[in-house]
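Numbering (my numbering), first residue to last: 236 to 528.
Worksheet: the structure to be examined is printed underneath.
Here's what the structure looks like:
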């Protein structure tokens with residue numbers, strides 16, 4: 236067993252493509268809860284600090300999104316109160332909360348995808364199909380972290396010469412911030428030119444250009460891909476027959492618990508928890524090796 240980061244880029248991309256796609260289209264409360272739980276657990280496994288720091292603005296966003304829907308949508312049969320003679324219904328509140336959970340789940344899944352699917356893996360997948368587009372997307376994914384890192388370096392350097400944008404008069408702060416932005420823009424343009432020259436010197440995008448890669452599709456990749464494909468097929472079948480359908484308007488559908496729905500829930504739970512199981516097995520493997528040594 237190997238860690239999630241060590242799987243072939245095709246396997247990683249296929250898994251997140253399936254999970255994010257299903258999360259965006261499923262509005263069933265049970266399936267939403269499963270996807271949200273899996274996204275949170277995976278984020279805690281692979282990017283704990285970033286995830287916890289992002290909660291301070293993601294959680295308020297979640298509640299704001301949940302509040303906005305009942306204020307603009309007045310459909311539903313269970314009326315709780317009236318605001319300016321407009322009904323606030325329970326269905327609208329629950330639907331708004333479900334939408335915010337879905338959006339947060341997608342954000343968390345994309346955060347994990349960004350952490351695992353590094354630029355070299357992305358270039359490996361799409362470099363031969365469209366080198367220019369692959370390079371552009373890879374640089375874009377890498378741009379924001381680099382910008383944050385560079386602006387911290389510039390700000391710390393400017394503080395040493397008294398150009399701190401957080402202290403002093405308003406004019407001093409504006410002047411310091413403008414200087415930092417100017418330096419950052421100059422660095423970005425210079426870095427773009429250096430990157431372009433470097434890629435051109437390496438012959439990126441030329442025909443018959445040889446490439447080297449450490450990625451090999453082995454037996455474990457094949458097993459995981461087969462599992463993902465089977466579980467995805469079950470999800471597609473359940474969507475086709477409407478086994479995972481849930482209506483919020485005009486009132487809530489009943490959640491039936493029969494053999495069919497249990498198969499849908501368990502298969503989706505297995506799909507969502509697959510990377511968690513992989514990471515847990517890897518942790519247990521390392522602990523076992525340490526104890527044996």
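The C-beta atom is built at its ideal place from N, Cα and C for all residues, glycine as well.
Using the rule of at least 16 other Cβ atoms within 10 Å of the residue's Cβ for burial, across every protein chain shown, is residue i buried or exposed?
i: residue 518; result: exposed
i: residue 242; result: buried
i: residue 397; result: exposed
i: residue 491; result: exposed
i: residue 351; result: buried
i: residue 405; result: exposed
i: residue 452; result: exposed
i: residue 479; result: buried
i: residue 355; result: exposed
i: residue 458; result: exposed
i: residue 494; result: exposed
i: residue 433; result: exposed
i: residue 523; result: exposed
i: residue 318; result: exposed
i: residue 428; result: exposed
i: residue 381; result: exposed
i: residue 379; result: exposed
i: residue 301; result: buried
i: residue 299; result: exposed
i: residue 303; result: exposed
i: residue 307; result: exposed
i: residue 424; result: exposed
i: residue 258; result: buried
i: residue 316; result: exposed
Does DSSP put residue i in a helix, in a strand, or in coil?
i: residue 503; result: helix
i: residue 313; result: coil
i: residue 295; result: helix
i: residue 241; result: helix
i: residue 322; result: strand
i: residue 479; result: coil
i: residue 263; result: coil
i: residue 404; result: coil
i: residue 456; result: helix
i: residue 270; result: helix
i: residue 380; result: helix
i: residue 252; result: helix
i: residue 488; result: coil
i: residue 451; result: coil
i: residue 493; result: coil
i: residue 399; result: coil
i: residue 282; result: coil
i: residue 258; result: helix
i: residue 308; result: coil
Please list, in chain order, all residues of the same chain as residue i whose beta carbon is under 6 Å from its beta carbon, the five residues on each side excluded.
i: residue 250; result: 463
i: residue 483; result: 326 and 330
i: residue 271; result: 336 and 340
i: residue 535; result: Because residue 535 is not part of the residues shown, which for the chain are 236 to 528, the question remains open.
i: residue 400; result: 408, 411 and 412
i: residue 485; result: 312
i: residue 343; result: 274 and 278
i: residue 322; result: 309 and 314
Report all residues from its chain with a CB closer than 8 Å to the CB of residue i; omit the five preceding and five following residues, and keep chain order.
i: residue 511; result: 273, 276, 277 and 280
i: residue 245; result: 360, 452, 456 and 460
i: residue 320; result: none
i: residue 295; result: none
i: residue 333; result: 262, 264, 267 and 483
Report all residues from its chain with a CB closer than 7 Å to the CB of residue i; omit the five preceding and five following residues, and keep chain order.
i: residue 514; result: 238, 239 and 280
i: residue 466; result: 502, 505 and 506
Taking only beta-carbon atoms, is residue i less than 9 Å away from chain C?
i: residue 411; result: Absent from the structure: chain C. Only one protein chain is present.
For the structure I just gave you, are there three or more beta carbon pairs, one from the segment 493-501 and one from the segment 326-339, closer than 8 Å? Short answer: they don't touch.
Does the segment 341-353 come close enough to the segment 275-286 that 3 or more CB-CB pairs lie under 8 Å? Because the criterion of three Cβ pairs below 8 Å is met, the segment 275-286 and the segment 341-353 touch.
Does the segment 406-426 come close enough to the segment 378-386 that 3 or more CB-CB pairs lie under 8 Å? The answer is yes - the segment 406-426 touches the segment 378-386, with three or more Cβ pairs under 8 Å.
Can we say the segment 461-476 touches the segment 309-317, given the rule of at least three CB pairs closer than 8 Å? Judged by Cβ distances under 8 Å, the segment 461-476 makes no contact with the segment 309-317, as fewer than three pairs qualify.
Whole runs of the alpha helix (DSSP H) within the segment 326-355, excluding any shorter than 4 residues: DSSP assignment within the segment 326-355 yields no whole alpha helix (DSSP H) run of 4 residues or more.
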